[in-house]
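Read through the structure below, which is laid out as C-alpha coordinates, and then see the notes.
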(Lines of atoms letter the chains of each structure in order from A and count residues from 1; the text may use other names and numbers.)
(Lines give C-alpha, C1' and ligand atoms only; values in the text may rest on other atoms or scores of the structure.)
Protein backbone atom coordinates (compact mmCIF):
# COMPACT_ATOMS: atom_id res chain seq x y z
CA UNK A 1 0.00 0.00 0.00
CA UNK A 2 1.38 3.41 -0.96
CA UNK A 3 1.83 6.13 1.62
CA UNK A 4 -0.75 8.31 -0.12
CA UNK A 5 -3.36 5.53 -0.08
CA UNK A 6 -2.67 4.82 3.58
CA UNK A 7 -3.07 8.47 4.55
CA UNK A 8 -6.26 8.79 2.51
CA UNK A 9 -7.85 5.71 4.10
CA UNK A 10 -6.72 6.75 7.59
CA UNK A 11 -8.28 10.19 7.05
CA UNK A 12 -11.57 8.65 5.90
CA UNK A 13 -11.61 6.39 8.98
CA UNK A 14 -11.00 9.37 11.27
CA UNK A 15 -13.74 11.38 9.56
CA UNK A 16 -16.17 8.48 9.93
CA UNK A 17 -15.26 8.06 13.58
CA UNK A 18 -15.62 11.80 14.15
CA UNK A 19 -19.07 11.82 12.58
CA UNK A 20 -20.30 8.97 14.77
CA UNK A 21 -19.01 10.71 17.90
CA UNK A 22 -20.00 14.31 17.13
CA UNK A 23 -23.21 14.24 15.09
CA UNK A 24 -26.19 15.29 17.20
CA UNK A 25 -24.10 15.40 20.36
CA UNK A 26 -26.48 17.99 21.81
CA UNK A 27 -29.38 15.56 21.65
CA UNK A 28 -28.10 11.97 21.71
CA UNK A 29 -28.01 10.22 24.04
CA UNK A 30 -30.95 12.11 25.61
CA UNK A 31 -30.70 13.08 29.25
CA UNK A 32 -27.86 12.51 31.68
CA UNK A 33 -26.59 9.29 33.16
CA UNK A 34 -26.02 9.89 36.89
CA UNK A 35 -22.29 9.13 36.57
CA UNK A 36 -22.09 11.62 33.72
CA UNK A 37 -23.81 14.25 35.85
CA UNK A 38 -21.36 13.69 38.70
CA UNK A 39 -18.38 13.92 36.32
CA UNK A 40 -19.76 17.14 34.83
CA UNK A 41 -20.23 18.72 38.28
CA UNK A 42 -16.70 17.80 39.35
CA UNK A 43 -15.27 19.30 36.14
CA UNK A 44 -17.30 22.46 36.83
CA UNK A 45 -15.92 22.70 40.35
CA UNK A 46 -12.36 22.58 38.99
CA UNK A 47 -13.12 25.06 36.20
CA UNK A 48 -14.97 27.65 38.28
CA UNK A 49 -14.51 27.11 42.01
CA UNK A 50 -10.87 26.23 42.53
CA UNK A 51 -11.51 22.60 43.47
CA UNK A 52 -8.24 20.62 43.21
CA UNK A 53 -8.97 16.93 43.85
CA UNK A 54 -5.57 15.42 43.02
CA UNK A 55 -5.18 12.50 42.55
CA UNK A 56 -8.60 11.12 43.62
CA UNK A 57 -11.99 12.56 44.50
CA UNK A 58 -12.93 10.78 47.71
CA UNK A 59 -16.66 11.35 47.11
CA UNK A 60 -18.84 9.13 44.90
CA UNK A 61 -17.04 5.99 46.15
CA UNK A 62 -13.70 7.39 44.96
CA UNK A 63 -13.06 8.78 41.48
CA UNK A 64 -9.68 9.22 39.84
CA UNK A 65 -9.42 12.87 38.85
CA UNK A 66 -7.60 13.14 35.50
CA UNK A 67 -10.67 13.52 33.29
CA UNK A 68 -11.98 16.42 35.36
CA UNK A 69 -8.81 18.43 34.71
CA UNK A 70 -8.88 17.56 31.00
CA UNK A 71 -12.52 18.63 30.68
CA UNK A 72 -12.21 21.79 32.79
CA UNK A 73 -10.95 24.12 29.99
CA UNK A 74 -13.94 23.36 27.75
CA UNK A 75 -16.32 23.59 30.71
CA UNK A 76 -14.94 27.04 31.48
CA UNK A 77 -14.92 28.14 27.86
CA UNK A 78 -18.47 26.98 27.11
CA UNK A 79 -20.11 28.02 30.40
CA UNK A 80 -21.87 31.36 30.49
CA UNK A 81 -23.16 30.51 33.95
CA UNK A 82 -21.04 28.38 36.34
CA UNK A 83 -24.24 27.28 38.09
CA UNK A 84 -25.51 25.70 34.86
CA UNK A 85 -22.52 24.13 33.06
CA UNK A 86 -23.31 22.78 29.59
CA UNK A 87 -23.55 19.04 29.19
CA UNK A 88 -21.93 19.48 25.79
CA UNK A 89 -18.59 20.53 27.31
CA UNK A 90 -17.81 17.20 28.96
CA UNK A 91 -19.37 15.24 26.11
CA UNK A 92 -17.26 17.10 23.58
CA UNK A 93 -14.17 16.37 25.66
CA UNK A 94 -14.96 12.65 25.55
CA UNK A 95 -15.72 12.73 21.83
CA UNK A 96 -12.45 14.46 20.98
CA UNK A 97 -10.50 11.99 23.12
CA UNK A 98 -12.28 9.17 21.27
CA UNK A 99 -11.27 10.56 17.88
CA UNK A 100 -7.65 10.84 19.03
CA UNK A 101 -7.83 7.23 20.21
CA UNK A 102 -8.68 6.08 16.68
CA UNK A 103 -5.63 7.88 15.27
CA UNK A 104 -3.33 6.47 17.95
CA UNK A 105 -4.72 2.97 17.39
CA UNK A 106 -3.74 3.18 13.73
CA UNK A 107 -0.25 4.35 14.72
CA UNK A 108 -0.02 1.54 17.26
CA UNK A 109 -0.91 -1.02 14.59
CA UNK A 110 1.90 0.24 12.38
CA UNK A 111 4.38 0.08 15.27
CA UNK A 112 3.33 -3.40 16.42
CA UNK A 113 3.57 -4.95 12.97
CA UNK A 114 6.49 -2.97 11.59
CA UNK A 115 8.15 -5.04 8.91
CA UNK A 116 5.05 -7.15 8.23
CA UNK A 117 3.88 -6.86 4.63
CA UNK A 118 0.31 -6.22 5.76
CA UNK A 119 1.17 -3.79 8.58
CA UNK A 120 -0.68 -0.87 6.99
CA UNK A 121 -3.78 -2.94 6.34
CA UNK A 122 -3.81 -4.34 9.89
CA UNK A 123 -3.46 -0.83 11.33
CA UNK A 124 -6.28 0.54 9.19
CA UNK A 125 -8.59 -2.36 10.06
CA UNK A 126 -7.92 -1.81 13.77
CA UNK A 127 -8.70 1.89 13.42
CA UNK A 128 -11.84 1.22 11.38
CA UNK A 129 -13.12 -1.31 13.91
CA UNK A 130 -12.59 1.14 16.77
CA UNK A 131 -14.15 4.00 14.80
CA UNK A 132 -17.51 2.22 14.49
CA UNK A 133 -17.41 -0.02 17.55
CA UNK A 134 -20.78 0.33 19.29
CA UNK A 135 -19.66 0.53 22.95
CA UNK A 136 -16.84 2.93 22.05
CA UNK A 137 -19.17 5.25 20.16
CA UNK A 138 -21.79 5.14 22.92
CA UNK A 139 -19.31 5.79 25.73
CA UNK A 140 -17.43 8.54 23.91
CA UNK A 141 -20.65 10.44 23.25
CA UNK A 142 -21.06 10.87 27.02
CA UNK A 143 -18.94 12.82 29.47
CA UNK A 144 -17.63 9.87 31.44
CA UNK A 145 -14.32 10.03 33.27
CA UNK A 146 -13.31 6.75 31.62
CA UNK A 147 -12.81 8.37 28.20
CA UNK A 148 -9.04 9.10 28.48
CA UNK A 149 -8.19 5.50 29.43
CA UNK A 150 -8.21 3.88 25.93
CA UNK A 151 -6.22 6.82 24.56
CA UNK A 152 -3.57 6.72 27.28
CA UNK A 153 -3.17 2.96 27.09
CA UNK A 154 -2.88 3.06 23.29
CA UNK A 155 -0.31 5.86 23.56
CA UNK A 156 1.64 3.85 26.14
CA UNK A 157 1.73 0.76 23.92
CA UNK A 158 2.62 2.78 20.82
CA UNK A 159 5.59 4.41 22.54
CA UNK A 160 6.61 1.08 24.10
CA UNK A 161 6.73 -0.72 20.75
CA UNK A 162 8.52 2.24 19.17
CA UNK A 163 11.19 2.08 21.90
CA UNK A 164 11.59 -1.70 21.79
CA UNK A 165 11.84 -1.97 18.02
CA UNK A 166 14.23 0.83 17.25
CA UNK A 167 17.57 -0.49 16.03
CA UNK A 168 20.61 -0.28 18.28
CA UNK A 169 22.01 3.20 18.38
CA UNK A 170 18.70 4.85 17.50
CA UNK A 171 17.09 7.16 20.03
CA UNK A 172 14.82 4.95 22.12
CA UNK A 173 15.02 6.78 25.46
CA UNK A 174 12.36 9.42 24.77
CA UNK A 175 9.62 7.02 23.56
CA UNK A 176 10.39 4.67 26.48
CA UNK A 177 9.94 7.51 28.98
CA UNK A 178 6.84 8.87 27.24
CA UNK A 179 5.32 5.39 27.12
CA UNK A 180 5.83 4.95 30.85
CA UNK A 181 4.38 8.41 31.47
CA UNK A 182 1.21 7.60 29.51
CA UNK A 183 0.88 4.22 31.22
CA UNK A 184 1.21 5.87 34.62
CA UNK A 185 -1.33 8.56 33.74
CA UNK A 186 -3.87 5.85 32.85
CA UNK A 187 -3.96 4.98 36.56
CA UNK A 188 -5.50 8.42 37.21
CA UNK A 189 -8.52 7.72 35.00
CA UNK A 190 -10.48 4.72 36.22
CA UNK A 191 -10.10 1.74 38.53
CA UNK A 192 -9.97 -0.76 35.65
CA UNK A 193 -6.57 0.71 34.70
CA UNK A 194 -5.08 -0.85 37.82
CA UNK A 195 -4.80 -4.15 35.95
CA UNK A 196 -2.99 -2.50 32.99
CA UNK A 197 0.53 -2.83 34.52
CA UNK A 198 -0.08 -6.57 34.95
CA UNK A 199 -0.89 -7.00 31.26
CA UNK A 200 2.13 -4.86 30.37
CA UNK A 201 4.42 -7.09 32.45
CA UNK A 202 3.09 -10.19 30.69
CA UNK A 203 3.49 -8.54 27.29
CA UNK A 204 7.05 -7.43 28.00
CA UNK A 205 8.07 -10.84 29.36
CA UNK A 206 6.65 -12.58 26.29
CA UNK A 207 8.24 -10.11 23.91
CA UNK A 208 11.70 -10.41 25.47
CA UNK A 209 11.48 -14.23 25.39
CA UNK A 210 10.41 -14.34 21.74
CA UNK A 211 12.82 -11.68 20.52
CA UNK A 212 16.13 -13.36 21.23
CA UNK A 213 18.22 -10.65 19.63
CA UNK A 214 19.68 -7.85 21.77
CA UNK A 215 17.97 -9.11 24.93
CA UNK A 216 19.93 -6.86 27.29
CA UNK A 217 19.15 -3.79 25.19
CA UNK A 218 15.43 -4.56 25.19
CA UNK A 219 15.46 -5.26 28.92
CA UNK A 220 17.07 -1.86 29.48
CA UNK A 221 14.37 -0.18 27.40
CA UNK A 222 11.59 -2.08 29.18
CA UNK A 223 13.08 -1.14 32.56
CA UNK A 224 13.17 2.54 31.55
CA UNK A 225 9.50 2.32 30.56
CA UNK A 226 8.60 0.61 33.86
CA UNK A 227 10.54 3.16 35.91
CA UNK A 228 8.78 6.08 34.21
CA UNK A 229 5.42 4.41 34.82
CA UNK A 230 6.23 3.79 38.48
CA UNK A 231 7.35 7.39 39.06
CA UNK A 232 4.23 8.75 37.35
CA UNK A 233 1.95 6.46 39.35
CA UNK A 234 3.60 7.10 42.72
CA UNK A 235 1.21 9.87 43.93
CA UNK A 236 -1.93 7.80 43.38
CA UNK A 237 -0.24 4.74 44.89
CA UNK A 238 0.61 6.71 48.02
CA UNK A 239 -2.95 8.06 48.16
CA UNK A 240 -4.46 4.58 48.13
CA UNK A 241 -2.01 3.34 50.74
CA UNK A 242 -3.12 6.19 52.97
CA UNK A 243 -6.84 5.77 52.13
CA UNK A 244 -7.53 2.04 51.76
CA UNK A 245 -11.23 2.69 52.46
CA UNK A 246 -11.48 4.64 49.19
CA UNK A 247 -9.55 1.95 47.34
CA UNK A 248 -11.80 -0.90 48.45
CA UNK A 249 -15.16 0.89 48.65
CA UNK A 250 -16.00 0.47 44.98
CA UNK A 251 -14.71 -3.11 44.93
CA UNK A 252 -17.05 -3.95 47.79
CA UNK A 253 -19.98 -2.46 45.88
CA UNK A 254 -19.46 -4.47 42.71
CA UNK A 255 -18.48 -7.71 44.46
CA UNK A 256 -20.96 -10.56 44.88
CA UNK A 257 -23.40 -10.10 47.74
CA UNK A 258 -23.52 -12.80 50.37
CA UNK A 259 -20.26 -14.50 49.42
CA UNK A 260 -17.06 -14.44 47.42
CA UNK A 261 -15.97 -15.68 44.02
CA UNK A 262 -12.93 -17.83 43.42
CA UNK A 263 -10.57 -16.80 40.63
CA UNK A 264 -11.88 -19.62 38.42
CA UNK A 265 -15.49 -18.55 39.01
CA UNK A 266 -14.63 -14.94 38.23
CA UNK A 267 -12.91 -15.90 34.96
CA UNK A 268 -15.91 -18.04 34.01
CA UNK A 269 -18.34 -15.19 34.77
CA UNK A 270 -16.36 -12.79 32.58
CA UNK A 271 -16.18 -15.26 29.70
CA UNK A 272 -19.92 -15.81 29.93
CA UNK A 273 -20.50 -12.06 29.79
CA UNK A 274 -18.47 -11.70 26.60
CA UNK A 275 -19.36 -14.90 24.78
CA UNK A 276 -22.46 -16.60 26.23
CA UNK A 277 -24.86 -14.50 28.28
CA UNK A 278 -23.95 -10.96 27.33
CA UNK A 279 -24.12 -7.90 29.54
CA UNK A 280 -27.51 -7.63 31.29
CA UNK A 281 -27.34 -3.84 30.93
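Residue numbers (my numbering): 8 to 288. Idealized CB from N, CA, C, for every residue including glycine. It should be emphasised that the depicted structure is a prediction, and the values quoted were computed from it without experimental measurement.
- Taking a 10 Å sphere around the C-beta of residue 31, we find fewer than 16 other C-beta atoms and assign the residue as exposed.
- Rounded to whole angstroms, the separation of the alpha carbons of residue 87 and residue 167 is 42 Å.
- Considering only 121, 28, 151, 127, the residue with the shortest C-alpha distance to residue 49 is 151.
- Within a 10 Å sphere around the beta-carbon of residue 47 sit 16 or more other beta-carbons, which makes this residue buried.
- Its Cα nearest to that of residue 117, the residue 164 stands out among 157, 164, 38, 202.
- Sorting 106, 217, 34, 84 by C-alpha distance to the C-alpha of residue 51 places 84 at the top.
- Residue pairing of residue 144 in beta bridges, as defined by DSSP: absent, with no partner found.
- In this structure residue 179 is buried. Its beta-carbon is surrounded by 16 or more other beta-carbon atoms within 10 angstroms.
- By the C-beta density criterion, residue 177 is exposed, having fewer than 16 other C-beta atoms within 10 angstroms.
- Residue 205 counts as exposed, since fewer than 16 other C-beta atoms from the protein chains shown sit within 10 angstroms of its C-beta.
- With 16 or more other CB atoms across the displayed protein chains lying within 10 angstroms of its CB, residue 232 is buried.
- In the structure shown, residue 70 falls within a strand segment according to DSSP collapsed to helix, strand and coil.
- When 65, 54, 215 are compared, the shortest CA-CA separation from residue 90 is found for 54.
- Take the alpha-carbon of residue 191 and the one of residue 240: they are about 5 Å apart.
- Here DSSP, grouped into helix, strand and coil, assigns residue 94 to helix.
- Considering only 229, 38, 71, the residue with the shortest C-alpha distance to residue 181 is 229.
- About 6 Å separates the CB atoms of residue 200 and residue 156; that is less than 8 Å, so the two are in contact.
- Only buried fits residue 149, as 16 or more other CB atoms lie within 10 angstroms of its CB.
- Less than 8 Å divides the Cβ of residue 134 from the Cβ of residue 112.
- Contact between the stretch 127-145 and the stretch 63-74 is not established, with fewer than three Cβ pairs separated by less than 8 Å.
- When DSSP states are grouped into helix, strand and coil, residue 253 belongs to the helix group.
- A straight-line Cα-Cα distance of about 16 Å links residue 195 and residue 79.
- Exposed is the label assigned to residue 272, since fewer than 16 other Cβ atoms lie within 10 Å of its Cβ.
- Of the other Cβ atoms in all chains shown, 16 or more fall within 10 Å of the Cβ of residue 28; this residue is therefore buried.
- The residues 165, in chain order, have a CB closer than 7 Å to that of residue 114 in the same chain once the five nearest residues on each side in sequence are set aside.
- In the three-state scheme derived from DSSP, where H, G and I count as helix and E and B as strand, residue 63 is classed as strand.
- Separation of residue 173 and residue 224 (C-alpha to C-alpha, rounded to the nearest whole angstrom) is 10 Å.
- Going by DSSP, residue 153 is part of no alpha helix (DSSP H) at all; its letter is neither H nor E.
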